[in-house]
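Notes to accompany the following structure.
Protein chains: 2
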Amino acid sequence: MAVADQPTDDEAPSASLNHRIRTDITEKIVSGIWPPGHRIPFEHVLTEQYGCSRMTVNKALSELVRAGLIERRRRSGSFVRHPQSQAAILEIHDIKTEVQALGLPYHYDLTERLLRGADAADYDSFEVETDTPLLQMTCVHFAGERPYCLEERLINLATVPEAETIDFADTAPGAWLIAQVPWSAAEHKIRAASADRATAKALDIAKGAACLIVERRTWSSGKVITKVRLTYATEGHTLVARFAPSGE
Amino acid sequence: MAVADQPTDDEAPSASLNHRIRTDITEKIVSGIWPPGHRIPFEHVLTEQYGCSRMTVNKALSELVRAGLIERRRRSGSFVRHPQSQAAILEIHDIKTEVQALGLPYHYDLTERLLRGADAADYDSFEVETDTPLLQMTCVHFAGERPYCLEERLINLATVPEAETIDFADTAPGAWLIAQVPWSAAEHKIRAASADRATAKALDIAKGAACLIVERRTWSSGKVITKVRLTYATEGHTLVARFAPSGE
DNA sequence: CAGTGGTCTAGACCACGTA
DNA sequence: ACGTGGTCTAGACCACTGT
Chain A
1 MAVADQPTDD EAPSASLNHR IRTDITEKIV SGIWPPGHRI PFEHVLTEQY
51 GCSRMTVNKA LSELVRAGLI ERRRRSGSFV RHPQSQAAIL EIHDIKTEVQ
101 ALGLPYHYDL TERLLRGADA ADYDSFEVET DTPLLQMTCV HFAGERPYCL
151 EERLINLATV PEAETIDFAD TAPGAWLIAQ VPWSAAEHKI RAASADRATA
201 KALDIAKGAA CLIVERRTWS SGKVITKVRL TYATEGHTLV ARFAPSGE
Chain B
1001 MAVADQPTDD EAPSASLNHR IRTDITEKIV SGIWPPGHRI PFEHVLTEQY
1051 GCSRMTVNKA LSELVRAGLI ERRRRSGSFV RHPQSQAAIL EIHDIKTEVQ
1101 ALGLPYHYDL TERLLRGADA ADYDSFEVET DTPLLQMTCV HFAGERPYCL
1151 EERLINLATV PEAETIDFAD TAPGAWLIAQ VPWSAAEHKI RAASADRATA
1201 KALDIAKGAA CLIVERRTWS SGKVITKVRL TYATEGHTLV ARFAPSGE
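Chains as they are written, first to last, in our numbering: chain A, 1 to 248; chain B, 1001 to 1248.
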């Protein structure tokens, strides 16, 4: 096969060929040289340009599809995608890690630990049968001496029976669950709300103060493992989400 | 090559082989059969089990690495990863789409449109030189007759000079920018805050009411294109983020 | 040193959709 | 019908690293 000139001869010298192809094309797209809808070269053309086999080109383009940068249609070719709904990666950290990242000492208090059966209200939000054994807990996470976050958690003991035997006075339930249970899906709902009387008392803030609430449900093998509501006291508390289209 | 028994003979009949291998392994991991740290079979073993070439097995395992489910070490093998920080996909929709999804009529008012040069305060948050031309806009998005969201936006005219010529009375700046500019990175900060006097007036809510604030900065080719602060009036407004480790 | 994964090749057959 | 991408093969060489 004839080895044509390499498109980028002044680029980083190393890295794999398929990675080179990917970054070359990514650069063309994010810089706007290839606008949305533009047809990118056929596989056999890239094969010649880079002097490599079709498999290598295909791997590079397949990963661009995964990253959402291009779409491919048989018999038509590959095209730069029109930007759609923006999607961002939201990192949900362990609360202990969060607090320590602020340079503050961390501790937490378990204020409630209750074993009960599921009722009708749980069915809606938790997707469990009535009377399924649940472990209900409330705890407050501290940053230094100030309350940082109120955690209200339900654990489905039908899926995680070991949780009943754990003394969560020492181990935070979130950290224990992450280490213990393989989870396959999670849903987060993020909203703002004014602190009600009980929340204000627990977090030692004024009633009516704005709070950031994160509600998370976690599934494993199609069953809900746990549901947690995290209420952040600090008005300054911020979630950060980042996005880069190529995933790099 | 000897074709050994297929591990899953009661599964979905179709799909590609590498997809089958991937889902088989994913199932083992998320179900807990293979706990974190467990070594998954070597490539040559899977090659025999599935009666396929090493390339196919390798592709399946490579995608599991991408998905963050496993990690691979030369000479050691491939291992189920210990779950780390949770990461969720946060979808950021166009506001018009958001409102219409609620079944409410959408419109918006442009209440400010100001051409000015960057000052020192912009430098911190916007990463632009002093006197860079900026377009500053404020608008209110309505759901039905109620204010839904307050948008305060800055556009860097050095990177998007065409924006100066657009009449944003008809086209919302967010929608125009997404269609116009290829963006390569975005950062979102999400927090709760009490409405100040101006915000409360713009959104027709009580001063001090809890609001959800999303601040977004968007880059293209290393330069900031736009910075926007979205303040949601509705206490009930919720962002939803989902996660599935295998990306499926 | 031996065995693992990382990458690549030069083919091949097939599914699919546009012309 | 034809050319595209989708998938797969049966090898190969190399880098790395644990024993």
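Glycine included, every Cβ here is placed at the ideal spot set by N, Cα and C.
None of the values given here were measured: they were computed from a predicted structure.
| Check | Outcome |
| --- | --- |
| Measuring only the C-alpha atoms, how far is Val228 (chain A) from Asp1131 (chain B)? | 48 angstroms |
| Rounded to whole angstroms, what is the Cα-Cα separation between Ala1202 (chain B) and Arg22 (chain A)? | 46 angstroms |
| In its own chain, which residues sit with a C-beta less than 8 angstroms from the C-beta of Val1128 (chain B), not counting the 5 before and 5 after it? | Ala1118, Asp1122, Leu1134, Asn1156, Ala1158 and Val1224 |
| Return the chain-ordered list of same chain residues with a C-beta closer than 6 angstroms to the C-beta of Ala185 (chain A), the five sequence neighbours on each side being excluded. | Trp219 |
| Touching or not, the segment 65 to 82 of chain A and the segment 34 to 41 of chain A, by the rule of three or more beta carbon pairs under 8 angstroms? | yes |
| Have a look at B:Leu1064, B:Cys1211 and B:Leu1017 and flag the residue whose alpha-carbon is nearest the alpha-carbon of Arg190 (chain A). | Per the sequence shown, the amino acid found at residue 190 (chain A) is Ile instead of Arg. Checked all of B:Leu1064, B:Cys1211 and B:Leu1017; the closest Cα to Ile190 (chain A) is B:Cys1211. |
| Can you give me the C-alpha to C-alpha distance between Ala200 (chain A) and Gly208 (chain A), rounded to a whole angstrom? | 8 angstroms |
| Quick check: the segment 61 to 74 of chain A against the segment 99 to 115 of chain A, are at least 3 beta-carbon pairs closer than 8 angstroms? | no |
| Using a Cβ-Cβ distance under 7 angstroms, would Pro173 (chain A) count as near chain B? | no |
| With 16 as the cutoff for other CB atoms within 10 Å, does His1237 (chain B) come out buried or exposed? | buried |
| Against chain A, does Ala1233 (chain B) count as a neighbour if the rule is that its beta carbon must be under 7 angstroms from one of theirs? | no |
| Pull the bridge partners of Met1137 (chain B) from the DSSP assignment, please. | B:Arg1113 and B:Arg1153 |
| Pick helix, strand or coil for Val1099 (chain B), following the three-state DSSP scheme. | helix |
| Return yes when the Cβ of Ile1095 (chain B) is within less than 7 angstroms of the Cβ of Cys1149 (chain B), no when it is not. | yes |
| How is the alpha helix (DSSP H) around Ser1062 (chain B) delimited, first residue to last? | Arg1054 to Arg1066 |
| What residues from chain B crowd round Lys189 (chain A), counting only those whose CB sits closer than 9 angstroms? | Thr1238, Leu1239, Val1240 and Ala1241 |
| Mind checking which residues open and close the beta strand (DSSP E) that includes Ile25 (chain A)? | Per DSSP, Ile25 (chain A) belongs to no beta strand (DSSP E); it is in the alpha helix (DSSP H), Leu17 to Val30. |
| I think Asp1204 (chain B) touches Pro1147 (chain B), with their Cβ atoms under 8 angstroms apart; what is that distance to the nearest whole Å? | 5 angstroms |
| Beta carbon of Leu1154 (chain B), beta carbon of Gln1136 (chain B): below 7 angstroms? | yes |
| Specify, as a first and last residue, the run of the alpha helix (DSSP H) that Glu48 (chain A) falls within. | Glu43 to Tyr50 |
| For Ala169 (chain A), which residues from the same chain have a beta carbon less than 7 angstroms from its beta carbon, with the 5 sequence-adjacent residues on both sides left out? | Leu110 |
| Between the beta-carbon of Val1143 (chain B) and the beta-carbon of Val1214 (chain B), is there less than 7 angstroms? | For clarity, residue 1143 (chain B) is Ala in the given sequence; the question names Val instead. No, these two residues do not count as a Cβ contact at 7 angstroms. |
| Can you find the residues in the same chain that come closer than 7 angstroms, C-beta to C-beta, to Val1065 (chain B), ignoring five residues on each side of it along the sequence? | Glu1071 and Arg1072 |
| I need the straight-line Cα distance from Glu1164 (chain B) to Cys1052 (chain B), nearest angstrom please. | 59 angstroms |
| Under the three-state reduction of DSSP, which class applies to Ser1221 (chain B): helix, strand or coil? | coil |
| Do Glu43 (chain A) and Val57 (chain A) have their C-beta atoms within less than 7 angstroms of each other? | yes |
| Determine the direct distance from the alpha carbon of Pro173 (chain A) to that of Leu1090 (chain B), and round the result to whole angstroms. | 24 angstroms |
| Does Cys211 (chain A) come within less than 7 angstroms of chain B when only Cβ atoms are used? | yes |
| Can you tell me which of the three DSSP states Thr1231 (chain B) falls into? | strand |
| Straight-line CA distance for Ala206 (chain A) to Thr226 (chain A)? | 29 angstroms |
| Please classify Leu1177 (chain B): is it buried, with 16 or more other beta-carbons within 10 angstroms of its beta-carbon, or exposed? | buried |
| Within 10 angstroms of the Cβ of Asp179 (chain A), are there 16 or more other Cβ atoms? Answer buried if so, exposed if not. | The question names Asp, but residue 179 (chain A) is Ala in the sequence shown. So Ala179 (chain A) ends up on the exposed side. |
| Whole angstroms is fine: what's the gap from Leu1239 (chain B)'s alpha carbon to Val1030 (chain B)'s? | 26 angstroms |
| Kindly indicate the opening and closing residues of the alpha helix (DSSP H) around Ile1178 (chain B). | Pro1173 to Gln1180 |
| Looking at the structure shown, is Ser194 (chain A) part of a helix, part of a strand, or coil, going by DSSP? | strand |
| Between which two residues does the beta strand (DSSP E) containing Ser1078 (chain B) stretch? | Gly1077 to Val1080 |
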